[in-house]
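Student: Here our numbering is used: the first residue of the sequence shown is -14, the next is one more, and so on.
Have a look at this one before I ask anything.
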Amino acid sequence: MSLKQLTVFVENKQGALVKITETLAKNDINIRALSIADTEEFGILRLIVTDNEKAFNALTSEGYLIKITDVVGVKIGDQPGKLSKALSVLDENHINMEYLYAFMSRTEKHAYVVLRVADNLHAEQALEQAGFHMITDADVNKL
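Set out below in structure tokens:
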């Protein structure tokens, strides 16, 4: 049930991100969420897109190094404390989280959170049991 995330290694120089977004746009691929972290020499761009295979092929053909990672997507109410509750569920179930990033959906009063955890299945089961709804690549494609 996990989401597919593209991780793109990007040179840390002017225009590098523009080339990636232009490549995706030329191939009619919509970015639904992104996160970027950088070091002095390179950046790590994490993307949730509408067509993973097409994005992977387009970016690979342009010479980018890409990794596809399974991540957990969870729908969280847009209210104070809701993210804390989801994170508490993971903590109570001894699930380590490496990173997260969020994006707003087109539906009212909800945000989607992308979580990279040590055990996707365990995290999904724990969150569902606590009343959270998981999102899939198909859900992202509907946004």
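Virtual Cβ for every residue (Gly too), placed ideally from N, Cα, C.
Since the structure is predicted, the reported quantities are computational estimates derived from the model, not experimental observations.
Locate the alpha helix (DSSP H) running through residue 124, then write down its first and last residues.
Tutor: Counted from its first residue, the sequence shown places residue 124 at position 139. From DSSP, the alpha helix (DSSP H) with residue 124 extends over 122 to 127.
Student: Going by DSSP, what residue range makes up the alpha helix (DSSP H) through residue 20?
Tutor: Looking up residue 20 in the sequence shown gives position 35. It is not in any alpha helix (DSSP H) - residue 20 instead sits in the beta strand (DSSP E) that spans 16 to 23.
Student: Might you give, ordered along the chain, the residues of its own chain that have their beta carbon closer than 7 Å to the beta carbon of residue 100, omitting 5 neighbours on each side?
Tutor: Your numbering for residue 100 matches position 115 in the sequence shown. Closer than 7 Å at Cβ, skipping near neighbours: 56, 57, 59, 82, 85 and 108.
Student: Between the Cα of residue 44 and those of 119, -8 and 111, spot the shortest distance and give me the residue it belongs to.
Tutor: Walking along the sequence shown from the start, residue 44 turns up at place 59. Closest by alpha carbon: -8.
Student: Which term fits residue 10, buried or exposed, when burial requires 16 or more other beta carbons within 10 angstroms of its beta carbon?
Tutor: Numbered from 1 along the sequence shown, position 25 holds the residue referred to as residue 10. Result: exposed.
Student: Could you please give the first and the last residue of the uninterrupted alpha helix (DSSP H) stretch that includes residue 41?
Tutor: Position 56 of the sequence shown holds residue 41. Start and end: 37 to 46.
Student: What is the rounded straight-line gap between the Cα of residue 22 and the Cα of residue 5?
Tutor: Against the sequence shown, residue 22 aligns to sequence position 37. Against the sequence shown, residue 5 aligns to sequence position 20. Whole-angstrom Cα-Cα distance: 15 Å.
Student: Is residue 74 buried or exposed, if buried means 16 or more other CB atoms sit within 10 Å of its CB?
Tutor: Taking the first residue of the sequence shown as 1, we reach residue 74 at position 89. So residue 74 ends up on the buried side.
Student: Is there contact between the segment 63 to 72 and the segment 30 to 41, where contact requires at least three CB pairs shorter than 8 Å?
Tutor: Counting Cβ pairs under 8 Å, fewer than three are found: no touch.
Student: What's the call for residue -10, buried or exposed, on a 16-neighbour Cβ count within 10 Å?
Tutor: Within the sequence shown, the letter at position 5 stands for residue -10. Classification for residue -10: buried.
Student: Could you give the distance in angstroms between the alpha-carbon of residue 128 and the alpha-carbon of residue 17?
Tutor: Taking the first residue of the sequence shown as position 1, residue 128 is located at position 143. Taking the first residue of the sequence shown as position 1, residue 17 is located at position 32. In a straight line, the C-alpha of residue 128 is about 8 Å away from that of residue 17.
Student: Taking C-alpha atoms, which residue in 72, 96, 88 and 121 lies nearest to residue 112?
Tutor: Position 127 of the sequence shown, counted from the start, is the residue given in the question as residue 112. Residue 72 is the option with its Cα nearest to residue 112.
Student: For chain B, check one thing: does any of its Cβ atoms lie closer than 7 Å to the Cβ of residue 47?
Tutor: Within the model displayed, chain B is absent; a lone protein chain is all it includes.
Student: Just to confirm the assignment, what range does the alpha helix (DSSP H) spanning residue 80 have?
Tutor: By one-based count along the sequence shown, residue 80 stands at place 95. Note, residue 80: premise wrong, no alpha helix (DSSP H); not H, not E.
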